[in-house]
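Asker: Chains H and A supply the protein sequences, listed in that same order.
Under the numbering used here, residues 1278 to 1432 are what the first sequence spells out, in order.
Under the numbering used here, residues 68 to 263 are what the second sequence spells out, in order.
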Amino acid sequence: MNGSAIGGILCTGLMIVCGILMGSPLLIFFDLTSVLIVLGGTAGMIMAVHGFGGLTDYLLGGWFHLLFSKAPVKAERCREVISVAQTGGRGAILMAAAAAMIGLTQMLTNLADPRAIGPAFAVCLLTSFYAVVLNLLVFVPMSRFYNEAALTAEG
Amino acid sequence: MNLSGIVGLLVAILGVGLGAALLGEFTVYFDLISLVFVLLPMLLMPMVIHGHADLRKYGFGALWRFLFPGDSAPWSASENAKALRVIDSTGAMAILAGAAGTLIGTVQMLQALDDPSVIGPALSVALLTLLYPLLMTGLLLFPLSRHYRVAAIQAGSDPSVLEPDGTVRHVMQVLSLVGLSIGISFLLMLLCMASF
């Protein structure tokens, strides 16, 4: 158990949820298209670059190791986890930018119909939101944490 | 006491503050929720990455050391590099949290497009969440991080290993994504205002 890691990430996640709840219901921040584009795109990119092990072993395994274990990690494994986390972080940003263009195209072709604007704009903004939150809670902490761990392992 | 450091930081803060005060009322720049939204991740996430002992010693300790070096023994190259990494983590997390907060505010604002008179103030509050981390990095964390980078190089560290994971550049990419989203929401806002 790594208390400060679990506490810090839980508090930050809770704070984001509270920040949303202060202005609106939680549900308007869920959009299936955006989830598919960001999560699917990012997971696919990691799989394509690092193989299936990149997703299961390095990303999930590395994430749970950060939260629940204090055992030292080998330097080579750290480097691998760092590169997976970086692929994930940049992939999420790229996917969000692409999705913003998808949403913008949909929005501008359907300008005459105000009801079609809502879902299209949700795709524009929510993908960026998901990508930023993924970076804040998962990818950037992981890459920096394993950077430290690699330096410790190398001495 | 590091006089040039303290005076430099104060001049920068005064410059920005006076410049902003010339534009008009100063209270519009204060929003407690935005401030909490930025400060909490800024302090908690470096704790996740580096552990609280390192955050105390190389985060707050580095700030204290920069302002009041005193007679204490100078840090070694690896200690300076560690302070650099902790400070960069803090800045990166503040900017990422600000980006998330701005996007939340923008989405909520666009949910209430019926009344154009509330859109402007709502968007300005949303942008404050991005203003705070930018001010913190610009006025405090960036000078500190440069200071410890220079100190690490002077103490004999190899410049190429000081920022190996490219987080700073990555955060800039996140900022450009936020700019894209804010641009789109402005477009939408103008479209809706035109239709009223």
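All C-beta atoms, glycine included, are put in the ideal place defined by N, C-alpha and C.
Predicted, not measured: the structure shown is a model, and the values here were computed from it.
Counting only beta-carbon separations shorter than 8 angstroms, does alanine 150 of chain A have a partner in chain H?
Answerer: Taking Cβ atoms only, chain H never reaches closer than 8 angstroms to alanine 150 of chain A, which makes this a no.
Asker: Taking the CB atoms as reference points, tell me whether valine 235 of chain A and alanine 159 of chain A lie closer together than 8 angstroms.
Answerer: In this structure, alanine 159 of chain A lies closer than 8 angstroms to valine 235 of chain A by Cβ.
Asker: Helix, strand or coil for asparagine 1279 of chain H, going by three-state DSSP, please let me know.
Answerer: If DSSP states are grouped into helix, strand and coil, asparagine 1279 of chain H belongs with coil.
Asker: Using a beta-carbon distance below 8 angstroms, is leucine 211 of chain A in contact with chain H?
Answerer: It does not: the Cβ of leucine 211 of chain A has no partner Cβ on chain H nearer than 8 angstroms.
Asker: Does any C-beta atom of chain H lie closer than 8 angstroms to the C-beta of isoleucine 186 of chain A?
Answerer: False, the Cβ-Cβ gap to chain H never drops below 8 angstroms.
Asker: Which chain A residues sit within Cβ distance under 8 angstroms of methionine 1292 of chain H?
Answerer: What methionine 1292 of chain H touches in chain A: Val103, Phe104, Leu107, Pro108.
Asker: Measuring only between beta-carbons, confirm whether methionine 68 of chain A sits less than 8 angstroms from chain H.
Answerer: Judged by the 8 angstroms Cβ criterion, methionine 68 of chain A is not in contact with chain H.
Asker: Measuring CB to CB, does leucine 1413 of chain H end up less than 8 angstroms from leucine 163 of chain A?
Answerer: For leucine 1413 of chain H and leucine 163 of chain A, yes; Cβs fall inside 8 angstroms.
Asker: Exposed or buried, glutamine 221 of chain A, counting other C-beta atoms within 10 Å across all chains shown (16 or more means buried)?
Answerer: Under this definition glutamine 221 of chain A is an exposed residue.
Asker: Taking Cβ-Cβ distances shorter than 7 angstroms, what residues in chain H pair up with leucine 163 of chain A?
Answerer: Correct list: Val1409, Asn1412, Leu1413, Val1417.
Asker: Does any residue of chain A have a CB that is nearer than 8 angstroms to the CB of glycine 1339 of chain H?
Answerer: Not an interface residue.
Asker: Using 8 angstroms as the limit for Cβ to Cβ distance, is serine 1301 of chain H near chain A?
Answerer: Yes, serine 1301 of chain H lies at the interface with chain A (some Cβ there is under 8 angstroms from its Cβ).
Asker: Are the C-beta atoms of glycine 118 of chain A and some chain H residue less than 8 angstroms apart?
Answerer: Yes, glycine 118 of chain A counts as interfacial toward chain H.
Asker: Quick one: list the residues of chain H neighbouring leucine 170 of chain A, beta-carbon separation under 7 angstroms, in chain order.
Answerer: Ordered by position in chain H, the residues that pass the 7 angstroms Cβ test against leucine 170 of chain A are Leu1402, Ser1405, Phe1406, Val1409.
Asker: Taking buried to mean at least 16 other C-beta atoms within 10 Å of its own C-beta, is threonine 1319 of chain H buried or exposed?
Answerer: By the neighbour-count rule (16 or more Cβ atoms within 10 Å), threonine 1319 of chain H is buried.
Asker: So which of A:Gln175, A:Leu194, A:Ala166, A:Ile249 has the shortest CA-CA distance to methionine 239 of chain A?
Answerer: Considering only alpha carbons, the answer is A:Ala166.
Asker: Compute the beta-carbon to beta-carbon distance between alanine 1408 of chain H and glycine 1380 of chain H, rounded to the nearest angstrom, for a pair I have assumed lies under 8 angstroms.
Answerer: The Cβ separation is near 13 angstroms, so there is no contact.
Asker: Would you kindly check if the distance between the Cβ of threonine 1364 of chain H and the Cβ of isoleucine 1323 of chain H is under 8 angstroms?
Answerer: Going by C-beta atoms, isoleucine 1323 of chain H is nearer than 8 angstroms to threonine 1364 of chain H.
Asker: Could you tell me which whole alpha helix (DSSP H) segments of length 4 or greater appear in the segment 143-191 of chain A?
Answerer: Counting whole runs of 4 or more residues, the segment 143-191 of chain A contains the alpha helix (DSSP H) stretches 144-178.
Asker: Give a yes or no on whether the minimum CB-CB distance between alanine 159 of chain A and chain H is below 8 angstroms.
Answerer: Alanine 159 of chain A counts as touching chain H.
Asker: Can you list the residues of chain H that valine 245 of chain A reaches, using a CB-CB cut of under 8 angstroms?
Answerer: Within chain H, the residues near valine 245 of chain A are Ser1405, Val1409.
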